[in-house]
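J.: Using the working numbering, the first residue of the sequence shown is number 588, and each one after it goes up by one.
Here it is, the structure, as structure tokens.
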Amino acid sequence: MKININNQEVETEAQNLQQLSESLSLPSGGVAVAVNNRMIPRQKWGEYTLSEGDKVVIIQATCGG
């Protein structure tokens, strides 16, 4: 299916946010994810089913200033 991640169209086989996180090798901490302008808590990623055309925003915390 095609989804939009940080304003880029991506083809993925992931069915939920947890699978997407694993396929993108996201770190286990310091990451926030929103789908269609709604923040999804990490503990809900395995339950949150992705759909064709979803808009996903991934924010990673970084050190520095």
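The beta-carbon is built from N, C-alpha and C at its ideal position, and this holds for glycine as well.
Just so we're clear, the structure is a prediction, and the values are computed from it rather than from any experiment.
Given SER608, which residues of its chain have a CB within under 7 Å of its CB, disregarding the five upstream and five downstream residues?
T.: The residue you call residue 608 lines up with position 21 of the sequence shown. Correct list, in chain order: TRP632.
J.: So what does MET588 bridge to, in DSSP terms?
T.: As a working mapping, residue 588 is identified with position 1 in the sequence shown. DSSP, once it has assigned bridges, lists no residue as partnering MET588.
J.: Compute the distance between the beta-carbons of ASN593 and ILE627, then report whether it is under 7 Å.
T.: On the sequence shown, residue 593 is found 6 positions in, with the first residue counted as 1. On the sequence shown, residue 627 is found 40 positions in, with the first residue counted as 1. Going by C-beta atoms, ASN593 is not nearer than 7 Å to ILE627.
J.: Comparing C-alpha positions only, which one of ARG629, SER638, GLN602, LYS642 sits nearest to GLY617?
T.: Mapped onto the sequence shown, residue 617 falls at position 30. With distances taken between Cα atoms, GLY617 lies closest to ARG629.
J.: So, are the CB atoms of LYS589 and GLU598 less than 7 Å apart?
T.: For the purposes of this step, residue 589 is taken as residue 2 along the sequence shown, with counting starting at 1. For the purposes of this step, residue 598 is taken as residue 11 along the sequence shown, with counting starting at 1. Yes, the Cβ-Cβ distance between LYS589 and GLU598 is below 7 Å.
J.: Going by beta carbon distance, what residues of the same chain come within less than 8 Å of LYS642, once the five residues before and after it are set aside?
T.: Translated into the one-based positions of the sequence shown, residue 642 becomes position 55. Closer than 8 Å at Cβ, skipping near neighbours: ILE590, ASN591, VAL622, ASN623, ASN624.
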